[in-house]
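These protein sequence lines are chains V and Y, in that order. Sequential numbering from 16 applies to the first sequence in the working numbering. Sequential numbering from 570 applies to the second sequence in the working numbering. Ideal placement from N, C-alpha and C gives every residue a C-beta, glycine not left out.
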Amino acid sequence: MLSILRSIWYTFLHAFHKRETQGYPEKLPYLPPRYRGRIILSRDSDGNERCVACNLCAAVCPVDCIALQAANDENGRRYPEFFRINFSRCIYCGFCEEACPTYAIQLIPDFEMGEYDRQNMVYEKEHLLISGEGKYHGYNFYNVAGVDMGVKGTGKGENEEAPVDLKNLIH
Amino acid sequence: MKFVFIIAGVLISVLTIAAGLIYVERRLLALFQDRLGPNRVGPFGLLQVIADMIKIFFKEDWIPPFADKAVFVMAPGILIATILLTFAVIPFADNFIVLDSNIGLLFFLGNSSLGVYSIVLGGWASNNKYSLLGSIRASAQMLTYEVFMGLSLVGVIMMADSFSLRDIVEAQRGGWFVIPQFVGFVIFFIAGIAETHRTPFDIPEADGELVAGYHSEYSGMKFGMFFVGEYMGVTLISALIATLFFGGWLGPSFLPPAFWFFLKTAFFICMFILIRASLPRPRYDQLMELGWKVLLPLVLLNILITGGVLIYTHSL
Ligand code: SF4
Ligand code: SF4
């Protein structure tokens, strides 16, 4: 009996508590920087596309919503000919970002993706590609990778030593 | 002419209050649950009621082919009719009463018993096992609580020496009946919640178990009538509590008597909503046990003591 009265009283006290409702369209909620929302493709510090069309993101995606086609530019550097994400299927799990070896694909804090037409949820590369580096600055995959793709000469990369001339005995 | 005005006034105010309660309840529930509630339609969401009405009027009004049509259509009407009829005997102010009957309280009890028909017939005519289960529960619950409802008022009747609600209010000039009849008040309140089958006594509806109980098959405005009927029932019980235990329209004269009556009624309506926000639904057998094993002896004891005290004070 007393516990009933007590719970009525406690419920009444809730009238003076802070509201949980956010009032969304007028008052935007705070989204932490690592919030997993709309996906972007970023560029490296030199302004080139980071994506090397390795297909890892497409392979790891649990709902198979990424489609891309690899191609090579004049230096032999791989890039995606097209890169398509179907956001009506994406579950924003962030696996693609984790799988990506080049930090190209990134999820950003933006969830306002409502569309009237389902086809508008399919984003092509020109919609995905941004001009900056996104969340990870100063990283350029070809600076740390061993191969020369027109970004740096052989042996000129970070944490890399010049190649040894095996025919030189003095060395 | 005055008579027509009074009837119109009572009808309009009761219907507006019942409709407005849809909004008030949602806002108050939100208040108790740290939310905001409907605040989009119009200022403070006040036009929500109108939006809801427009919506419910234009919903498809479907009568299931397996239902007993005539009874199915009639059931919601019975509910509204019995409740509206009861408002006739409630004194809103000293002379603002449709029918100053000398058996007003009996009229109310009779009507609320008739109201059970609406729910039983509604569930029966739906020809659906969940509806029927809801109806069976409703009839058992309401018949049980009808008993205490009547008995809990006996103390008041004895003290006021009348069945007329107007006389009962007049008899409270010396002091509200809630003080000598506190047990009666508590039991009447509990029975009132059960009678209007509001949470926590919403066992006939019990959406967790019975879909929506007796009105599972109802749609459109017929459902709307059950819905509004529930709010009218809440208003009715609150008005009765205010009249029987809290001095009705009596109050300091700086405000008009009708205002005092509305204020007290509104307070108990808010209590109904607060109780809904805080208490879970008991099991069916717990409800019956509470009724017959706790409330019935209590209410009988209350009558005995009231009677004893009255005889003692009269013999002095
Ligand atoms: S976030 Fe998950 S579902 Fe969406 S594209 Fe990346 S891997 Fe696929
Ligand atoms: S976005 Fe990353 S994982 Fe996906 S293909 Fe491009 S480089 Fe590979």
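Delimiting residues of the beta strand (DSSP E) encompassing residue i
i                : result
LEU122 (chain V) : 120–122
For residue i, the residue or residues it bridges with in DSSP
i                : result
LEU83 (chain V)  : V:PHE98
ALA662 (chain Y) : Y:PHE665
ASN54 (chain V)  : The displayed chain sequence assigns Ile, not Asn, to residue 54 (chain V). ILE54 (chain V) pairs with V:LEU122.
LEU712 (chain Y) : Looking at the DSSP assignment, LEU712 (chain Y) forms no beta bridge with any residue, so it has no partner.
TYR138 (chain V) : V:ILE100
ARG93 (chain V)  : V:ASN87
Any non-hydrogen atom of ligand 4 closer than 8 Å to residue i Cβ
i                : result
THR834 (chain Y) : As for ligand 4, it is missing from this structure, which binds only ligand 1 and ligand 2.
Extent of the continuous alpha helix (DSSP H) to which residue i belongs
i                : result
LEU20 (chain V)  : 17–28
PRO645 (chain Y) : 638–655
ASN871 (chain Y) : 865–884
GLY802 (chain Y) : 789–814
VAL752 (chain Y) : 751–764
CYS76 (chain V)  : Counting along the chain, CYS76 (chain V) falls outside any alpha helix (DSSP H), and DSSP gives it neither H nor E.
CYS111 (chain V) : 110–114
GLU858 (chain Y) : 853–858
ARG735 (chain Y) : 734–739
PHE156 (chain V) : 156–159
Burial state of residue i (16 or more Cβ within 10 Å)
i                : result
ILE874 (chain Y) : exposed
VAL162 (chain V) : exposed
ASN183 (chain V) : exposed
PHE98 (chain V)  : buried
THR834 (chain Y) : buried
TRP829 (chain Y) : buried
GLN37 (chain V)  : exposed
VAL78 (chain V)  : exposed
ASP771 (chain Y) : buried
Minimum Cβ-Cβ distance from residue i to chain Y less than 9 Å
i                : result
TYR39 (chain V)  : no
SER22 (chain V)  : yes
LYS42 (chain V)  : no
ARG104 (chain V) : no
ILE145 (chain V) : no
GLU35 (chain V)  : yes
ALA68 (chain V)  : no
ILE19 (chain V)  : yes
TYR25 (chain V)  : yes
ALA82 (chain V)  : no
ALA30 (chain V)  : yes
Coil, strand or helix - residue i by DSSP
i                : result
TYR783 (chain Y) : helix
TYR151 (chain V) : coil
LEU144 (chain V) : strand
GLU64 (chain V)  : strand
ARG596 (chain Y) : helix
GLY724 (chain Y) : helix
ASP621 (chain Y) : helix
GLU127 (chain V) : coil
TRP693 (chain Y) : helix
CYS105 (chain V) : coil
LYS833 (chain Y) : helix
ASP132 (chain V) : coil
GLU778 (chain Y) : helix
GLN602 (chain Y) : coil
ILE772 (chain Y) : coil
LEU819 (chain Y) : coil
TRP861 (chain Y) : helix
LEU824 (chain Y) : coil
ALA729 (chain Y) : helix
CYS839 (chain Y) : helix
SER670 (chain Y) : coil
ILE767 (chain Y) : The question names Ile, yet the displayed sequence has Arg at residue 767 (chain Y). Here ARG767 (chain Y) sits in coil by DSSP.
Cutoff 9 Å: residue i Cβ touching any chain V Cβ
i                : result
ARG604 (chain Y) : yes
SER733 (chain Y) : no
ALA781 (chain Y) : no
ILE844 (chain Y) : yes
SER894 (chain Y) : Here chain Y comprises residues numbered 570 to 885, so residue 894 (chain Y) is not present and cannot be evaluated.
LEU702 (chain Y) : no
ALA760 (chain Y) : no
ALA599 (chain Y) : yes
Within-9 Å CB hit, residue i to chain A
i                : result
PRO821 (chain Y) : Looking for chain A here will not work: the only protein chains present are V and Y.
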